[in-house]
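Everything below concerns the one structure shown next.
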Amino acid sequence: MNSDQREWVRAREELVSSIVVLGFPQELGYEIAKNLGRPKAMRRMTAYLGYVKPKKAEIIVDEMLAIMSEIETWREKKTSQEANARYNEFMYYGIDEEEG
Numbered sequence: 001m002n003s004d005q006r007e008w009v010r011a012r013e014e015l016v017s018s019i020v021v022l023g024f025p026q027e028l029g030y031e032i033a034k035n036l037g038r039p040k041a042m043r044r045m046t047a048y049l050g051y052v053k054p055k056k057a058e059i060i061v062d063e064m065l066a067i068m069s070e071i072e073t074w075r076e077k078k079t080s081q082e083a084n085a086r087y088n089e090f091m092y093y094g095i096d097e098e099e100g
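This note's numbering puts the first residue of the sequence shown at 1, with every later residue one more than the last.
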């Protein structure tokens, strides 16, 4: 197991543990972790759980969806910025004869 995999497993286990401590089933934690996908998102969710201590599973799922939405919005913004940078470069320098 490489360091990225260990980080992912550690983040998942911390998230699942936080959910179990709040009285929810372990399976909910695994599903939340699977949906979030990344250690950074799982750590963010773990911090939220520690701070808010929600009493309903629906609140946990709502926060998971909010985190996922923010991540997707960020990805779209980055993609748009990269495309805009390429377009501006094209407009400034024109077509490279070797490439086109």
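Cβ atoms here follow ideal geometry from the backbone N, Cα and C, with glycine treated the same way.
Determine the extent of the alpha helix (DSSP H) in which residue 84 is found, giving its start and end residues. 57 to 93
Terminal residues of the alpha helix (DSSP H) in which residue 1 lies: Residue 1 -> no alpha helix (DSSP H), and no H or E assigned at all.
Helix, strand or coil, according to DSSP, for residue 23 in the structure here? coil
What did DSSP end up calling residue 100 once you bin it into helix, strand or coil? Interpretation of residue 100 is limited by its pLDDT of 49, a score under 50 that renders its predicted location unreliable; no figure is taken from the coordinates.
Whole angstroms are fine: how far does the CA of residue 59 sit from the CA of residue 91? 48 Å
Let me make sure I understand the geometry here. Which of 94, 70, 61 has the alpha-carbon closest to that of residue 19? 61
With burial defined as no fewer than 16 other Cβ atoms inside 10 Å of the residue's Cβ, what is the status of residue 3: buried or exposed? exposed
Going by beta-carbon coordinates alone, are residue 27 and residue 45 separated by less than 9 Å? no
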